[in-house]
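So that you can map any letter, position 13 of the sequence shown is 680 in this note's numbering, and since no number is skipped, the others follow by simple counting. Reading through the structure tokens given below for one structure.
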Amino acid sequence: MAKLVRSLGLWSSIGLVIGITIGGGIYRTPAGIAERVPDPVWMLGVWVLGGLIVLCGALSFAELSASMPETGGMYVYLREGWGRPYGFLYGWAQLVLIRAAALGGISSVFGEYFMRVFGMDPSANPAMADYLAALAIIIAGVTNIVGVKLGALFAGLSTITKFGALAFLVVASFLMGGSVGASVTNLASNGAAIDAGVFGLALISVMWAYDGFADLTFASGEVKDPQRNLPRAIIVGTLLIIAIYLLANAA
668 MAKLVRSLGL WSSIGLVIGI TIGGGIYRTP AGIAERVPDP VWMLGVWVLG GLIVLCGALS
728 FAELSASMPE TGGMYVYLRE GWGRPYGFLY GWAQLVLIRA AALGGISSVF GEYFMRVFGM
788 DPSANPAMAD YLAALAIIIA GVTNIVGVKL GALFAGLSTI TKFGALAFLV VASFLMGGSV
848 GASVTNLASN GAAIDAGVFG LALISVMWAY DGFADLTFAS GEVKDPQRNL PRAIIVGTLL
908 IIAIYLLANA A
């Protein structure tokens, strides 16, 4: 029986984790979270809490991926743990609901931001933003259909771009913030009232920004030395994402 070629190394795998996870969430959600949680300490706290939850998930998926390094990720784990019917239902839910909704949200943000780069207002031409979002999904799909190496290269380039953009914003904020009156004292609690329900809504938004850390497991059958590289890539990639998210929000 034909098998997938294991061509993804450790750094390519880490790049996939970061590239898949960092997307529209970190650019779209911080403003809304800051509005719901107006106290700086609590605002950072919701990102820390989300990071801890995600890290627990990353550790769990690291163990599962090392013990069952098969293509399919969560489908495989459900199939082996609970039986084929549960894996089958999960696979269809991913296809028609879970993955479709996530891709729609991320690509919509891409379409809107792409238009703003060229000075166009997406609210004035929402159809163009939708067409660009659909085109982005098609291009990403084609690159992965052509081959895993091209898909990994595409993910790697997008990872460098997105990670670099966030790093630039963080560095620029810390270098230029003092000239406009910003300082670490701005991170002190201001005593603003925090509603538990609204804090929970903010946490949901944070979890959406962190979503994607486990998606490398879907390509487990294409990772070299999976018992070593899969856990390392998932854990290291997740820690890097948490760090850059916290720095970006602190800045």
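Note that the Cβ used here is the ideal one computed from N, Cα and C, for glycine as well.
Residues near residue i in its chain [Cβ-Cβ closer than 6 Å; skip 5 each side]
i	result
Tyr877	Gly717 and Val721
Thr826	Gly682, Ile685 and Gly686
Ser732	Thr884, Ser887 and Leu897
Ala725	Phe880, Ile901, Ile902 and Thr905
Ser727	none
Ile911	Leu833
Residue interval of the alpha helix (DSSP H) (run including residue i)
i	result
Ala769	Arg766 to Val784
Leu868	Ala863 to Tyr877
Ser887	Taken as a continuous stretch (DSSP letters only), Ser887 belongs to no alpha helix (DSSP H), as it is neither H nor E.
Asn792	It is not in any alpha helix (DSSP H) - Asn792 carries neither H nor E in the DSSP assignment.
Met710	Pro707 to Ser734
Glu747	Met741 to Trp749
Through-space distance from residue j to residue i, alpha-carbon basis
i	j	result
Met668	Phe821	Because the pLDDT at Met668 is just 47, under 50, the model does not fix this residue reliably, and the value given afterwards should be weighed accordingly. In a straight line, the C-alpha of Met668 is about 29 Å away from that of Phe821.
Ala859	Val763	41 Å
Tyr798	Ala807	14 Å
Asn811	Leu817	7 Å
Glu737	Asp892	12 Å
Ile700	Val708	12 Å
Val809	Ile765	20 Å
Phe755	Leu770	21 Å
Ala832	Tyr694	10 Å
Glu702	Gly772	21 Å
Asn792	Met874	30 Å
Leu842	Tyr780	25 Å
Gly864	Trp714	16 Å
Gly758	Ser734	20 Å
Of the listed residues the options, nearest to residue i (C-alpha basis)
i	options	result
Leu745	Arg895, Leu897, Phe885 and Asp892	Phe885
Gly676	Asn916, Val890 and Arg895	Val890
Arg673	Tyr694, Gly814, Ala729 and Met787	Gly814
Ala794	Leu770, Met782 and Ile804	Met782
Ile871	Ser679, Trp678, Thr696 and Ala910	Thr696
Asp834	Asn792, Ile689, Ser679 and Lys670	A small fix is needed here, since residue 834 is Ala in this sequence, not Asp. Cα-wise, what sits closest to Ala834 is Ile689.
Val704	Ile861, Ala910 and Asp882	Ile861
Ile805	Leu836, Ala767, Ile911 and Ser790	Ala767
Gln894	Leu719, Glu730, Gly692 and Asp706	Glu730
Own chain partners of residue i with C-beta closer than 7 Å, once the 5 adjacent residues on each side are dropped
i	result
Ala800	Ser774, Ser775, Phe777 and Gly778
Leu907	Ile685
Arg899	Leu677
Any non-hydrogen atom of the ligand HEM closer than 7 Å to residue i Cβ
i	result
Asp892	Ligands are entirely absent from the displayed structure, and the ligand HEM is therefore not among its contents.
Own chain, CB closer than 8 Å to residue i, minus 5 neighbours either side, in chain order
i	result
Leu711	Leu854, Leu913, Asn916 and Ala917
Leu671	Thr738, Val815, Gly888 and Glu889
Met787	Met795
One or two residues paired with residue i in a DSSP bridge
i	result
Leu675	Val890
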